[in-house]
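The listed protein sequences derive, respectively, from chains A and B.
Following the numbering used here, the numbering of the first sequence begins with 4 at its first residue and continues without gaps.
Following the numbering used here, the numbering of the second sequence begins with 41 at its first residue and continues without gaps.
Note sheet for the following structure.
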Amino acid sequence: MAAGESPLEQFAIKRLVEINIGGVDASFTNSAAMMVIVVVLVTLFLTLSMRGNAMVPTRWQSIAELSYELIAKTVRDGVGLEGRKYFPFVFTLFMFILFCNLLGLIPYSFTVTSHIVVTFAFAAFIFIGVTILGLVRHGAKFFSLFLPEGVPIALAPLLVPIEIISYLSRPISLSVRLAANMMAGHTIIKVFAGFVVALGLFGIAPFVFLILLYALETMIAFLQAYVFAVLTCLYLNDSIHLHH
Amino acid sequence: MTADKPPPSLEDLDERLRKARSAQEHAKPPTRSGPIGQALRLSTEMAAALVVGAVIGWNLDSWLGTKPWLLLLFLVLGLAAGLLNAYRAAKRLQDAVDNEDKSSGA
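Set out below in structure tokens:
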């Protein structure tokens, strides 16, 4: 890291290939490049590790099976048997976010999920998808989600707006949580990395801290991908079973 | 001595398999967010609803020309929705802890 470089420099979007379609800037950026890398790596990881398909799994196969089972269990516990249909979606989402988070920890790489545009696109897609799913499955009964059962009708004018705001806030809290976690963690790492250089010999203290911080960030990378999957299941469950 | 013992029956094996499987199924999830993660989760739940309320109120105000009353109203509603969100999230965390205690205690 060059002296004087801002810790926020790592989040800058750079255009790698300039593309302009009818005045719309559709350039291939470092963010897009990272997403392509993530998709390729996830595909390679899952296909190569399962190629042997051995009874006694190799180390790589174990990792692939563990992640599969973790999400399968999350979907089963969160949505129930009807949730099986949506397992591929949740699993894809989880693997993509997990790899984005983890690859972002490699120095000089780019963390796709630190940008709220990206996480909000995920969250908005889930939100719209889940709403359509609920409407298709339950029709007008879907709106009973906004009026809890057993509530006196006199309270409805107060409670319905509250429930609607609560419902609309889901994509925001979902996307902000992931992006904020990633951005805060990476900024702190860069700040401490700056101390290591600036303090010279005494830099050993922040350096030790940096190593611990890296371990924490690795855990957060995993945890946030998992939380995203869990909440996706939760919202799916609300749409399918119509209760909170 | 051991030769006298009959080999374990298939039912016995089945029983043990079932026990092992159910233990596996009820194993606690590998990850539990720490206190910081939980605090962050609850606070984003609250803040998000407040932001949504503010945005709705602001836009209705500039549309209907009733500045600033609808903004105030929807801020209050957003606050209530945020509390509701946080309450539900906290309840889920508590349920998860309770389930874990139950399965590990049994």
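Idealized CB from N, CA, C, for every residue including glycine.
Fill in: Residues near I167(A) by beta carbon distance below 6 Å, same chain, minus five either side
The residue given as residue 167(A) occupies position 164 in the first sequence. Sequence-distant Cβ neighbours of I167(A) in its own chain, meaning closer than 6 Å and more than five residues away, are F149.
Worksheet item: Got a sec? Which residues, its chain only, sit under 8 Å from Y217(A) by beta carbon, not counting five neighbours each side?
Response: Within the first sequence, the letter at position 214 stands for residue 217(A). L108, I192.
Discussion item. Run through chain A and tell me which residues come within less than 9 Å of G105(B), C-beta to C-beta.
Written reply: If you number the second sequence from 1, residue 105(B) lands on position 65. The premise fails here: G105(B) is roughly 20 Å from chain A at the closest Cβ pair, so nothing lies under 9 Å.
Fill in: N-terminal and C-terminal residue of the beta strand (DSSP E) that L19(A) is part of
Working through the first sequence from its first residue, we reach residue 19(A) at position 16. Per DSSP, the continuous beta strand (DSSP E) segment holding L19(A) begins and ends at 18-20.
Worksheet item: Which partner residues of I24(A) appear in the DSSP bridge assignment?
Response: Here residue 24(A) refers to the residue found at position 21 when the first sequence is read from its first residue. DSSP links I24(A) through a beta bridge to V27(A).
Fill in: For S176(A) and L111(B), the rounded distance between their alpha carbons
By 1-based counting over the second sequence, the position of residue 111(B) is 71. By 1-based counting over the first sequence, the position of residue 176(A) is 173. Roughly 20 Å between the two C-alpha positions.
Discussion item. Rounded to the nearest angstrom, what separates V41(A) and A130(B) at their Cα positions?
Written reply: Position 38 of the first sequence, counted from the first residue, corresponds to residue 41(A). Position 90 of the second sequence, counted from the first residue, corresponds to residue 130(B). Taking the straight line from one Cα to the other gives about 33 Å.
Practice prompt. Say whether chain A places a C-beta atom closer than 9 Å to the C-beta of E85(B).
Written response: Your numbering for residue 85(B) matches position 45 in the second sequence. E85(B) counts as touching chain A.
Item to complete: Under 9 Å between beta-carbons, which chain A residues line up against K81(B)? List them in chain order, please.
Response: One-based indexing of the second sequence puts residue 81(B) at position 41. Residue 81(B) is actually Arg in this sequence, not Lys. Within chain A, the residues near R81(B) are S176, R180, V230.
Discussion item. Please identify, using Cβ separations under 7 Å, the residues of the segment 110-144 of chain B that lie next to chain A, in order along the chain.
Written reply: If the cut-off is 7 Å between Cβ atoms, the segment 110-144 of chain B has L117, G118, A120, A121, L124, N125, R128 near chain A.
Discussion item. I need the straight-line Cα distance from A126(B) to A87(B), nearest angstrom please.
Written reply: Taking the first residue of the second sequence as position 1, residue 126(B) is located at position 86. Taking the first residue of the second sequence as position 1, residue 87(B) is located at position 47. Computed Cα separation, rounded: 10 Å.
Worksheet item: Which word fits V200(A), buried or exposed, when buried means at least 16 other C-beta atoms lie within 10 angstroms of its C-beta?
Response: The residue you call residue 200(A) lines up with position 197 of the first sequence. Under this definition V200(A) is an exposed residue.
Worksheet item: Residues in the segment 31-46 of chain A with C-beta within 8 Å of chain B's C-beta atoms, listed in sequence order?
Response: So the list is empty, because no residue satisfies the distance condition.
Discussion item. Between which residues of its own chain and T190(A) is the CB-CB distance below 7 Å, once the five residues before and five after are set aside?
Written reply: If you number the first sequence from 1, residue 190(A) lands on position 187. Correct list, in chain order: P10, L11.
Worksheet entry | Proximal residues to V133(A) (C-beta, below 7 Å), its chain only, five neighbours per side dropped | On the first sequence, position 130 is the one that residue 133(A) refers to. Cβ neighbours of V133(A) beyond the five flanking positions: Y238, L239, S242.
Worksheet item: Nearest-angstrom Cα distance between F14(A) and G55(A)?
Response: Locating residue 14(A) in the first sequence gives position 11, where the first residue counts as 1. Locating residue 55(A) in the first sequence gives position 52, where the first residue counts as 1. If I take the Cα positions, the gap works out to 39 Å.
Item to complete: Anything in chain B within Cβ reach of P164(A), meaning under 7 Å, just list it in chain order.
Response: The count along the first sequence starts at 1 and reaches residue 164(A) at position 161. The answer, in chain order, is L117.
Worksheet item: Between the C-alpha atoms of F102(A) and A35(A), what's the straight-line distance to the nearest angstrom?
Response: Stepping through the first sequence from its first residue, residue 102(A) is reached at position 99. Stepping through the first sequence from its first residue, residue 35(A) is reached at position 32. Going from the Cα of F102(A) to the Cα of A35(A) covers about 14 Å.
Item to complete: Along the alpha helix (DSSP H) that carries L162(A), what are the first and last residues, could you check?
Response: For the purposes of this step, residue 162(A) is taken as residue 159 along the first sequence, with counting starting at 1. In the DSSP annotation of this structure, the continuous segment of the alpha helix (DSSP H) that includes L162(A) starts and ends at 159-201.
Item to complete: Just mark G105(B) as buried or exposed, buried being the case when its beta carbon has 16 or more other beta carbons within 10 Å.
Response: What you label residue 105(B) is simply residue 65 of the second sequence in a count that begins at 1. Classification of G105(B): exposed, given that the 10 Å Cβ count is below 16.
Discussion item. Between the alpha carbons of V267(A) and T95(A), how many angstroms are there, rounded?
Written reply: Within the shown structure, residues of chain A are numbered from 4 to 247, placing residue 267(A) beyond reach of any answer.
Worksheet item: Tell me which same chain residues have a C-beta within less than 7 Å of the C-beta of L44(A), skipping the five on either side of it?
Response: Here residue 44(A) refers to the residue found at position 41 when the first sequence is read from its first residue. Hits under 7 Å: F102.
Discussion item. Output needed in chain order: residues of the segment 181-209 of chain A with a Cβ under 8 Å from some Cβ in chain B.
Written reply: For the segment 181-209 of chain A, the set of positions with a beta-carbon nearer than 8 Å to some beta-carbon of chain B reads A183, N184 in chain order.
Worksheet item: So does the segment 123-133 of chain A actually touch the segment 59-77 of chain A, counting three or more Cβ pairs closer than 8 Å?
Response: The segment 123-133 of chain A is not in contact with the segment 59-77 of chain A.
Practice prompt. Please specify which runs of the alpha helix (DSSP H), each continuous and at least 4 residues long, are wholly inside the segment 86-149 of chain A, giving them in chain order.
Written response: The DSSP assignment places 90-106, 119-141 as complete runs of the alpha helix (DSSP H) inside the segment 86-149 of chain A, in order along the chain (cut-off: 4 residues).
Worksheet entry | Amino acids of chain B, ordered along the chain, whose beta-carbon sits closer than 7 Å to that of L171(A) | Within the first sequence, the letter at position 168 stands for residue 171(A). Within chain B, the residues near L171(A) are V92.
Worksheet item: Taking the alpha-carbon positions, what's the P60(A) to F114(B) distance?
Response: Sequence index remark: in the first sequence, residue 60(A) carries index 57 (1-based). Sequence index remark: in the second sequence, residue 114(B) carries index 74 (1-based). Cα-Cα distance, rounded: 56 Å.
Discussion item. Looking at the secondary structure, which residues open and close the alpha helix (DSSP H) in which I74(A) lies?
Written reply: Here residue 74(A) refers to the residue found at position 71 when the first sequence is read from its first residue. First-last of the alpha helix (DSSP H) with I74(A): 62-82.
Practice prompt. Can you have a look at R87(A) and say buried or exposed, based on whether 16 or more other CB atoms are within 10 angstroms of its CB?
Written response: Indexing the first sequence from 1 puts residue 87(A) at position 84. By the beta-carbon neighbour count (other beta carbons within 10 angstroms, threshold 16), R87(A) is exposed.
Worksheet item: Taking S178(A) as the reference, which of F123(A), F92(A), G25(A) has the closest Cα?
Response: The residue labelled residue 178(A) in the question sits at position 175 within the first sequence. Comparing Cα positions, the closest option is F123(A).
Fill in: Residue burial classification, N99(B) (beta-carbon count within 10 angstroms, cutoff 16)
Residue numbering aside, residue 99(B) sits at position 59 when the second sequence is read from its first letter. Under the 10 Å beta carbon count, N99(B) is surrounded by fewer than 16 other beta carbons and is classified as exposed.
Item to complete: Compare the C-beta of I109(A) with all C-beta atoms of chain B and state if any pair is closer than 9 Å.
Response: To locate residue 109(A), count along the first sequence from 1; it is residue 106. So no, I109(A) is outside the interface.
Worksheet item: Can you find a CB in chain B that lies within less than 9 Å of the CB of L11(A)?
Response: Within the first sequence, residue 11(A) is the residue found at index 8, counting from 1. No, because no Cβ of chain B sits closer than 9 Å to the Cβ of L11(A).
Worksheet item: Should L84(A) be labelled buried (16 or more other beta-carbon atoms within 10 Å of its own) or exposed?
Response: For the purposes of this step, residue 84(A) is identified with residue 81 of the first sequence, where counting begins at 1. The residue is exposed, with fewer than 16 neighbouring Cβ atoms inside 10 Å.
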